[in-house]
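A.B. asks:
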Amino acid sequence: MVRVLSSALDSATRRLKQNRENTEKLASLIEAKLWTKFGAINPSYQSQMRSICLNLNDPKNNDFARRVFQGTIPLERLAEMHPSEFASERALKIRKSVLKRHSDMYKNAAKSHMAESNAYKCPECGKSKTIVSSPYRSGAGRESVKSETWGRKDEPGTPITIQCCACDHTWTKVVHA
Ligand SMILES: [Zn+2]
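Residue numbers (the working numbering): 3 to 179.
(1) For ligand 1, is there a heavy atom less than 8 Å away from the beta-carbon of Ala121?
(2) How is Glu26 classed by DSSP in three states: helix, strand or coil?
(3) So what's Pro45 in DSSP terms, helix, strand or just coil?
(4) According to DSSP, is Ala81 part of a helix, a strand, or is it coil?
(5) Please identify the residue among Lys19, Gln165, Lys109 whose C-alpha is closest to the C-alpha of Glu126.
(6) Examine ligand 1 and report whether any of its heavy atoms sits within less than 8 Å of the Cβ of His104.
(7) With which residues is Cys167 paired in a DSSP beta bridge?
(8) Along the chain, where does the beta strand (DSSP E) containing Ala117 start, and where does it finish?
(9) Within 8 Å, do at least three Cβ pairs link the region 103-112 to the region 77-95?
(10) Opposite Ser90 in the DSSP bridges: which residues?
(11) Would you check whether ligand 1 has a heavy atom nearer than 8 Å to the C-beta of Glu126?
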């Protein structure tokens, strides 16, 4: 196990052009923390070790390796980090902003009489979690006059706007009352 970890540290060292000398020592220190936390080389120990090695080996997550080398992440934290906590600062920021955008979207939806619906499927991503603008919102008065004059058959229908919650794709659809 120590060898797997020190080779992961080595590869991160090369990628980040860090000093190579202390990777073995660092590996056994991390190993010791895992041992303290899990008490044995059990499945939890192995899965934590796997997460650490995977992230050290991930060129898209240099941030994690850098934080380990700099000591920004205390070694005992490594033994208890949740898989989601290994993500780079940048990935976390993106995730946070997506979450914020979605919560804003729901707030705006509530404000502008839009409703959540799963009756429509997004043509872009195929998910059916959407928010839909109320079809009986604006111009209702005028349309009812029109339908009285021309009869139900000529009712033009009301365009509704549908926005996909997964990918933000927005499209319109004409519904008939
Ligand atoms: Zn979509």
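Cβ coordinates follow ideal geometry from the N, Cα and C atoms, glycine included.
C.D. replies: The structure says:
(1) no
(2) helix
(3) helix
(4) coil
(5) Gln165
(6) no
(7) DSSP lists no partner for Cys167.
(8) 116-119
(9) no
(10) None; Ser90 has no bridge partner.
(11) yes
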